[in-house]
Amino acid sequence: MQGSFTFQRVIDLTRPIVPGQGARPFRITRGRTEELTIHDPVPHPWYVMHRVETISHIGTHLEAPYHCVEQGRDLGSLTAEELVGEAVILDLRSIPPDSVVGAAEMARVAEGAGGVRPGDIAFLLTGYADRVGTAAYEHRPSLTGEAMGYLITRGVKLVGTDLSGLEGPLTPGHLACHLPLLLNDIPFLENLANLEQLTRSRVFVCALPIPVVGLDSFPARVVAFEP
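Structure below.
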């Protein structure tokens with residue numbers, strides 16, 4: 039990126055993980071430091087290390103192509119350059135419940151945001167993030183593989199959403215939205231938070247998980263910078 043980088047607001051788009059809460063396991067236990075370090079015990083009243091037990095898809099997390107593509111790239115193969123850049127916010131909140139969003143509707147939404155450009159990060163705001171676990175969540179709009187295809191043909195490098203996946207109750211086909219992205223080597227972010235706090239249709243974004251070699255997915259800290 040060339041030129042100066044100035045911003046007025048920083049918006050955290052990451053959902054906090056609270057151990058013991060939620061449907062997926064995330065457990066932390068204090069370990070004996072002499073078991074967790076190669077060093078001798080530290081003579082200090084408070085020196086803590088933890089063991090962490092979880093799964094790779096929890097909280098705000100980034101999925102590498104390897105998640106659905108056996109020969110796809112894992113987290114350790116993704117470059118930082120791919121995971122930072124300008125993001126266009128595609129606002130789907132006007133889509134009625136129980137609707138199916140195809141390529142034409144995605145094009146309309148994209149046009150309203152000023153268009154999708156090659157190299158963009160595309161974040162899809164549905165407004166259903168706070169309805170997870172409720173009856174209303176089952177009536178969220180469903181996206182098709184063709185809707186993802188529209189973004190792919192525009193040259194996006196990363197797609198994210200405030201949902202745990204873009205397939206909904208009416209999406210035709212299992213993994214209909216995951217596969218077009220991951221088969222085209224485009225990582226996918228799920229469970230973004232606070233997208234509705236953004237006031238601009240374009241922001242600068244960093245979405246960085248730990249680059250663990252051989253892993254398909256991991257929680258990421260995602261931050262937006264508004265000019």
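So for the sequence shown, the numbering used here puts the first residue at 39; every next one is plus one.
Just so you know, even glycine gets a beta-carbon here, dropped at the ideal spot from N, CA and C.
Bear in mind the structure is a predicted one, so any value in this text is a computation, not a measurement.
When burial is assigned at 16 or more other CB atoms within 10 Å of the CB, is residue i buried or exposed?
| i | result |
| --- | --- |
| MET87 | exposed |
| VAL147 | buried |
| PHE226 | buried |
| ALA173 | exposed |
| GLU124 | exposed |
| THR44 | exposed |
| GLU101 | buried |
| GLU119 | exposed |
| ILE224 | buried |
| GLU143 | buried |
Using DSSP's beta-bridge definition, name the partner residues of residue i.
| i | result |
| --- | --- |
| GLY198 | PHE161, LEU227 |
| VAL107 | None; VAL107 has no bridge partner. |
Return helix, strand or coil for residue i, following the three-state DSSP convention.
| i | result |
| --- | --- |
| PRO247 | strand |
| ALA151 | coil |
| ASP50 | strand |
| ASP136 | coil |
| LEU219 | helix |
| HIS177 | helix |
| ALA145 | helix |
| ASP168 | helix |
| SER255 | strand |
| GLY114 | helix |
| LEU128 | strand |
| THR92 | strand |
| THR191 | helix |
| ALA185 | helix |
| GLU101 | strand |
| GLU119 | helix |
| GLU234 | helix |
| ASN214 | According to the sequence displayed, residue 214 carries Ala and not Asn. Reduced to three states, the DSSP call for ALA214 is coil. |
| PHE242 | strand |
| ARG65 | strand |
Just checking my contact of residue i with residue j at CB under 8 angstroms: how many whole Å lie between their CB atoms?
| i | j | result |
| --- | --- | --- |
| ASP254 | LEU230 | Their Cβ separation, rounded to whole angstroms, is 19 angstroms, which puts ASP254 and LEU230 out of contact at 8 angstroms. |
| SER180 | GLY206 | 3 angstroms |
| LEU204 | ILE127 | Not confirmed; about 15 angstroms, so no contact. |
| LEU236 | VAL138 | With 8 angstroms as the limit, LEU236 and VAL138 do not qualify as a contact, their Cβ atoms being about 26 angstroms apart. |
| PRO63 | LEU220 | Contact doesn't hold; Cβ gap of about 24 angstroms is too wide. |
| ASP129 | ALA151 | 7 angstroms |
| ARG259 | THR52 | 5 angstroms |
| TYR188 | ALA245 | Going by Cβ atoms, the distance from TYR188 to ALA245 rounds to 21 angstroms, so no, they are not a contact pair. |
| PRO57 | ARG65 | 6 angstroms |
Are the CB atoms of residue i and residue j nearer to each other than 8 angstroms?
| i | j | result |
| --- | --- | --- |
| PHE196 | ILE159 | The residue asked about is misnamed: residue 196 is Leu in this sequence, not Phe. For LEU196 and ILE159, yes; Cβs fall inside 8 angstroms. |
| GLN46 | GLU228 | no |
| ASP136 | HIS177 | yes |
| PRO218 | ILE55 | no |
| VAL154 | VAL194 | yes |
| GLY157 | ALA185 | no |
| ALA262 | VAL243 | yes |
| ASP50 | VAL251 | no |
| ARG131 | GLY110 | no |
| HIS216 | CYS106 | yes |
| GLY198 | PHE161 | yes |
Could you tell me whether any non-hydrogen atom of the ligand SAM is closer than 7 angstroms to the CB of residue i?
| i | result |
| --- | --- |
| VAL107 | Questions concerning the ligand SAM fall outside what the structure shown contains, since it holds no ligand whatsoever. |
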